[in-house]
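Everything on this sheet refers to the single structure shown next.
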Ligand code: BT5
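In our numbering, the protein residues as written are 2 to 237.
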């Protein structure tokens with residue numbers, strides 16, 4: 002059984018992902034690092050992640066031997082966060098690849114970073130949830146503003162880790178179907194119009210599904226386009 006260690010806590014860190022990436026060799030599988038604020042919170046493609054006081058900013062270290070399956074650890078994290086938020090009675094959904102939205106606005110982002118050495122992988126899954134913090138972005142929301150009351154960050158963290166432990170057990174046992182099934186149940190874009198900005202250009206069409214490596218399949222003019230990485234906008 003996966004057992005997440007007592008979180009290592011800091012009042013301030015540059016970034017919980019950076020912290021683990023720097024010392025993953027010395028840290029055990031299942032390490033969790035939490036910071037009250039981050040001074041250099043990061044998103045994908047080196048973007049900035051606003052990490053003010055009142056939010057839940059943490060990273061999990063997972064050591065494993067399945068480099069080609071790492072995306073499932075990110076998917077499982079998205080499902081765990083969405084389920085924990087739904088327990089609060091809020092309609093959280095997943096936006097490919099790994100954002101959690103409530104009423105179309107981003108409440109959580111996930112950044113996964115890997116160090117691969119042959120078959121051995123150290124995966125750092127960084128999760129940022131807007132809880133009681135303030136984010137000055139029109140595209141963002143917080144649990145507090147959605148619910149109208151302060152949310153207990155500690156019990157939210159426990160809920161996310163409880164779900165995540167279960168999916169990590171499934172991952173260890175090569176039993177990936179529950180992760181993909183639950184991800185698809187909470188996925189919001191299936192069959193809808195999307196536009197994805199990638200480094201190679203913009204892809205528009207209908208979100209048709211997810212391929213075996215977590216890529217998005219977009220159907221456009223009778224063709225299927227596989228999108229490995231990008232930023233998705235729905236309904237355009
Ligand atoms: C993400 O990147 O969404 C991944 C965010 C991961 C943050 C966690 S916090 C703990 C751990 N430690 C870290 O340093 N990072 C992880 P991306 O999909 O690239 O989205 C980034 C974009 O989201 C930015 O360019 C902004 O537009 C927007 N954004 C920034 N801060 C936000 C926030 N707090 N809430 C919602 N949107 C935000």
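By construction, the Cβ of each residue, glycine as well, lies at the ideal position given by its N, Cα and C atoms.
N-terminal and C-terminal residue of the alpha helix (DSSP H) that residue 11 is part of: Residue mapping note: residue 11 aligns to position 10 of the chain shown, counting from 1. From DSSP, residue 11 is part of no alpha helix (DSSP H) but of the beta strand (DSSP E) over 9–14.
Enclosing beta strand (DSSP E) for residue 113 [first to last residue]: For the purposes of this step, residue 113 is identified with residue 112 of the chain shown, where counting begins at 1. Bounds of the beta strand (DSSP E) holding residue 113 are 106–118.
Coil, strand or helix - residue 20 by DSSP: Along the chain shown, read from residue 1 onward, the residue named residue 20 stands at position 19. In this structure, DSSP gives residue 20 a helical state, which the three-state scheme calls helix.
Burial state of residue 198 (16 or more Cβ within 10 Å): Your numbering for residue 198 matches position 197 in the chain shown. With fewer than 16 other Cβ atoms within 10 Å, it is exposed.
Own chain, CB closer than 8 Å to residue 207, minus 5 neighbours either side, in chain order: Here residue 207 refers to the residue found at position 206 when the chain shown is read from its first residue. Within the same chain, 192, 193, 194, 195, 219, 220, 221 come within 8 Å of residue 207 by CB-CB distance, once the 5 residues on both sides are set aside.
Rounded Cβ spacing between residue 13 and residue 33 (contact assumed at less than 8 Å): For the purposes of this step, residue 13 is identified with residue 12 of the chain shown, where counting begins at 1. For the purposes of this step, residue 33 is identified with residue 32 of the chain shown, where counting begins at 1. Going by Cβ atoms, the distance from residue 13 to residue 33 rounds to 17 Å, so no, they are not a contact pair.
Boundaries of the alpha helix (DSSP H) in which residue 82 is found, first to last residue: Translated into positions along the chain shown, residue 82 becomes position 81. 71–87 is the span of the alpha helix (DSSP H), which, as asked, contains residue 82.
Residues near residue 116 by beta carbon distance below 6 Å, same chain, minus five either side: Sequence index remark: in the chain shown, residue 116 carries index 115 (1-based). Cβ neighbours of residue 116 beyond the five flanking positions: 123.
Environment of residue 43 [buried if 16+ CB atoms lie within 10 Å]: Working through the chain shown from its first residue, we reach residue 43 at position 42. Buried.
Minimum Cβ-Cβ distance from residue 103 to chain D less than 9 Å: In summary, chain D is missing from the structure at hand, where a single protein chain is found.
For residue 10 and residue 35, the rounded distance between their alpha carbons: Position 34 of the chain shown holds residue 35. Position 9 of the chain shown holds residue 10. Straight-line Cα distance between these residues: approximately 5 Å.
Beta-bridge partners of residue 225, as assigned by DSSP: Start at 1 with the first residue of the chain shown, and residue 225 comes out as number 224. Looking at the DSSP assignment, residue 225 forms a beta bridge with 220.
C-alpha distance - residue 119 paired with residue 177, whole-angstrom precision: By one-based count along the chain shown, residue 119 stands at place 118. By one-based count along the chain shown, residue 177 stands at place 176. Residue 119 and residue 177: Cα-Cα distance of roughly 22 Å.
Element boundaries [alpha helix (DSSP H), containing residue 166]: What you label residue 166 is simply residue 165 of the chain shown in a count that begins at 1. Segment 154–173, the alpha helix (DSSP H) holding residue 166.
Residue range of the unbroken beta strand (DSSP E) whose run includes residue 180: Reading the chain shown from its first residue, position 179 is the one you call residue 180. Taken as a continuous stretch (DSSP letters only), residue 180 belongs to no beta strand (DSSP E), being part of the alpha helix (DSSP H) at 178–187.
Any non-hydrogen atom of the ligand BT5 closer than 8 Å to residue 235 Cβ: As a first step, residue 235 must be located in the chain shown, where it is residue number 234. No; taking the cut-off as 8 Å, the Cβ of residue 235 has no heavy atom of the ligand BT5 nearer than that.
Any non-hydrogen atom of the ligand BT5 closer than 8 Å to residue 191 Cβ: Within the chain shown, numbered from 1, the residue matching residue 191 stands at position 190. Distances from the CB of residue 191 to the heavy atoms of the ligand BT5 are all 8 Å or more.
Residues near residue 180 in its chain [Cβ-Cβ closer than 8 Å; skip 5 each side]: Position 179 of the chain shown holds residue 180. Result list for residue 180: 73, 76, 77, 80, 168, 171, 172, in chain order.
Whole-angstrom distance between residue 16 and residue 52, CA atom to CA atom: As a first step, residue 52 must be located in the chain shown, where it is residue number 51. As a first step, residue 16 must be located in the chain shown, where it is residue number 15. Approximately 9 Å, taken between the alpha carbons.
Residue 152 versus 27, 227, 89, residue with shortest Cα-Cα distance: Position 151 of the chain shown, counting from 1, holds the residue named residue 152. That would be 89, whose Cα lies nearest to the Cα of residue 152.
Close Cβ partners of residue 104 (< 6 Å) along its chain, the five nearest in sequence each way excluded: Within the chain shown, numbered from 1, the residue matching residue 104 stands at position 103. Nothing meets the Cβ criterion.
Selection from 54, 233, 174, 185 that minimises the alpha carbon distance to residue 66: Position 65 of the chain shown, counted from the first residue, corresponds to residue 66. For the options 54, 233, 174, 185, the alpha carbon positioned closest to that of residue 66 is the one of 174.
Proximity test, residue 102 beta-carbon vs the ligand FAD heavy atom, cut-off 8 Å: In the structure on display, the ligand FAD does not appear, and the ligands it does have are the ligand BT5.
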